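Taking it in order: structure first as structure tokens, then the write-up.
In this note's numbering, the protein residues as written are 8 to 125.
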């Protein structure tokens, strides 16, 4: 009578193939999560810039008047004024953005340039 089953070599082959698939999948998922966090970070920064633009439209007389002049406001000021959510967090390290983060508003031609000063 012949026993039916798998040989040791067949089992090791299947285990090796499964390990390779798991390794490829893990790397792909890790990279995907990293990219997602970076995109979410960019979205959060864009939200802060939008809050600064909204603040600027409500505080027109505080904006610089001459080419190259600038003012800075902090994230804390935007939060206190209600232009940015109080619980806005950095998705990369899962901690709140620092309230001392500065947003520089610079007069450039007839418009303003908004940038985060890190």
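Ideal Cβ placement from N, Cα and C applies to all residues, glycine included.
Keep in mind the model is a prediction, meaning the values are calculated, not measured.
C-beta contact flag for residue i and residue j at 8 Å
| i | j | result |
| --- | --- | --- |
| residue 111 | residue 91 | no |
| residue 44 | residue 99 | yes |
| residue 74 | residue 120 | no |
| residue 104 | residue 85 | no |
| residue 109 | residue 61 | no |
Through-space distance from residue j to residue i, alpha-carbon basis
| i | j | result |
| --- | --- | --- |
| residue 55 | residue 37 | 27 Å |
| residue 23 | residue 11 | 22 Å |
| residue 47 | residue 64 | 26 Å |
| residue 66 | residue 72 | 13 Å |
For residue i, the first and last residue of its enclosing alpha helix (DSSP H)
| i | result |
| --- | --- |
| residue 40 | 15 to 65 |
| residue 11 | From DSSP, residue 11 is part of no alpha helix (DSSP H); its letter is neither H nor E. |
| residue 88 | 82 to 88 |
Enclosing beta strand (DSSP E) for residue i [first to last residue]
| i | result |
| --- | --- |
| residue 122 | 118 to 124 |
| residue 111 | 109 to 115 |
Residues near residue i by beta carbon distance below 7 Å, same chain, minus five either side
| i | result |
| --- | --- |
| residue 52 | 123 |
Same chain, Cβ closer than 6 Å to residue i, five either side skipped, listed in chain order
| i | result |
| --- | --- |
| residue 106 | 82 and 83 |
Close Cβ partners of residue i (< 8 Å) along its chain, the five nearest in sequence each way excluded
| i | result |
| --- | --- |
| residue 77 | 71, 111, 112, 113 and 114 |
| residue 59 | 80, 85, 90, 110, 112 and 121 |
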